[in-house]
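Undergrad: The following block contains the structure, expressed as structure tokens.
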Amino acid sequence: MRLAFSASLFGAALSLLAGCSSAPKTVILNPSYQGGNISQLSQTLAIKVIDNRTTKFTIKVLEQEPAVYLPNAELPVILNKLLAQALEANGVTLSSQSDTQLTLRIRTFIAKVDETLSRHESTAQAEFVIEASKGQRTFTKPFTGEAIFSKPLKHDQSQVEGQLNRLAEQVVTRMLSDKELINFLQQ
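Each residue of the sequence shown is one higher than the last, beginning at 13 in my numbering.
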């Protein structure tokens, strides 16, 4: 009797603990280019985005295991869409048949959230490398960005996602206003 009671108590405790842990959440990113026409590039380009990140997480809550958020394998598709919007807003026609190729390599794109009981701080970092090739000529340049915010209490997923969206938009806007890249593409 006592053994049966202990076993059922142990089972109830395990069920309660299992109910406390939740499945990792999906990160939803949807950056949208807002920079307008900052460099008139009336030409045809082929673009691609390659994910060279060592970890596919886009949000990481520090000191917390298991992971709160799922890795984001869709990031190259999302950034390809953002880059296409930005280029088209600046007069580029996109064609996979173009001799001029623009490749965006994702080296880092993550928000690290440090939480305590009373506050949180989110530090987002982006490191992209742009590679352009036009015939035999090539151009390579890194672009980085960082965004930090701190607020009371636990973090809000949508605010961290918004931080990542704005960071991606800022770095892509900086790319399109880069004189060296523009000069290379216009030659």
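Virtual Cβ for every residue (Gly too), placed ideally from N, Cα, C.
Looking at L53 and G103, is the spacing between their C-beta atoms short of 8 Å?
TA: As a first step, residue 103 is located in the sequence shown; it is residue number 91 there, counting from the start. As a first step, residue 53 is located in the sequence shown; it is residue number 41 there, counting from the start. Contact: yes.
Undergrad: What are the boundary residues of the alpha helix (DSSP H) that A101 is part of?
TA: The count along the sequence shown starts at 1 and reaches residue 101 at position 89. Where A101 is concerned, the enclosing alpha helix (DSSP H) stretches over L87 to A101.
Undergrad: For G157, write down the residues that DSSP places opposite it in a beta bridge.
TA: What you label residue 157 is simply residue 145 of the sequence shown in a count that begins at 1. DSSP, once it has assigned bridges, lists A138 as partnering G157.
Undergrad: Report the CB separation of S44 from Q109 in whole angstroms; it is logged as a contact under 8 Å.
TA: Here the question's residue 44 lines up with position 32 in the sequence shown. Here the question's residue 109 lines up with position 97 in the sequence shown. With 8 Å as the limit, S44 and Q109 do not qualify as a contact, their Cβ atoms being about 27 Å apart.
Undergrad: Look up D126 in the DSSP assignment and give the residues it is bridged to.
TA: As a working note, residue 126 is residue 114 in the sequence shown. Paired residue(s): E133.
Undergrad: Counting C-beta neighbours from all protein chains within 10 Å, is the total for L91 16 or more, i.e. buried, or is it exposed?
TA: Your numbering for residue 91 matches position 79 in the sequence shown. That one is buried.
Undergrad: How many Å lie between F69 and A136 at the Cα?
TA: For the purposes of this step, residue 69 is taken as residue 57 along the sequence shown, with counting starting at 1. For the purposes of this step, residue 136 is taken as residue 124 along the sequence shown, with counting starting at 1. Roughly 12 Å between the two C-alpha positions.
Undergrad: Which residue from S134, L87 and G47 puts its Cα closest to that of L116?
TA: Numbered from its first residue, the sequence shown carries residue 116 at position 104. Of the candidates S134, L87 and G47, the one whose C-alpha sits nearest the C-alpha of L116 is L87.
Undergrad: Can you give the Cα-Cα distance for R119 and N84, rounded to whole angstroms?
TA: Residue 119 sits at position 107 when you count from the first residue of the sequence shown. Residue 84 sits at position 72 when you count from the first residue of the sequence shown. Rounded to whole angstroms, R119 to N84 spans 14 Å at the Cα level.
Undergrad: Taking 8 Å as the cut-off, decide whether the C-beta atoms of E127 and K166 are in contact.
TA: The residue you call residue 127 lines up with position 115 of the sequence shown. The residue you call residue 166 lines up with position 154 of the sequence shown. Yes, these two residues count as a Cβ contact at 8 Å.
Undergrad: Taking buried to mean at least 16 other C-beta atoms within 10 Å of its own C-beta, is Q175 buried or exposed?
TA: In the sequence shown, the residue the question calls residue 175 occupies position 163. It is buried - the Cβ of Q175 has at least 16 other Cβ atoms within 10 Å.
Undergrad: Below 6 Å CB to CB, which residues in the same chain sit around K37 once its five sequence neighbours on both sides are set aside?
TA: Numbered from its first residue, the sequence shown carries residue 37 at position 25. So the qualifying residues of the chain are Y81.
Undergrad: Taking the Cβ atom as the reference point for each residue, do L188 and I59 lie within a distance shorter than 8 Å?
TA: The sequence position of residue 188 within the sequence shown is 176, counting from 1. The sequence position of residue 59 within the sequence shown is 47, counting from 1. Cβ distance not < 8 Å, so L188 and I59 don't count as in contact.
Undergrad: So who's on the other strand from L106, going by DSSP bridges?
TA: Sequence index remark: in the sequence shown, residue 106 carries index 94 (1-based). L106 pairs with L57.
Undergrad: Looking at A138: is its Cβ nearer than 8 Å to the Cβ of F121?
TA: Along the sequence shown, one-based indexing puts residue 138 at 126. Along the sequence shown, one-based indexing puts residue 121 at 109. Contact flag set, yes.
Undergrad: In the DSSP assignment, what residue or residues form a beta bridge with Q116?
TA: In the sequence shown, residue 116 corresponds to position 104, counting from 1. Contrary to the premise, residue 116 reads as Leu rather than Gln in this sequence. For L116, which the question treats as bridged, DSSP gives the partners V61 and I142.
Undergrad: Is DSSP giving T185 helix, strand or coil here?
TA: Position 173 of the sequence shown, counted from the start, is the residue given in the question as residue 185. Helix, per DSSP.
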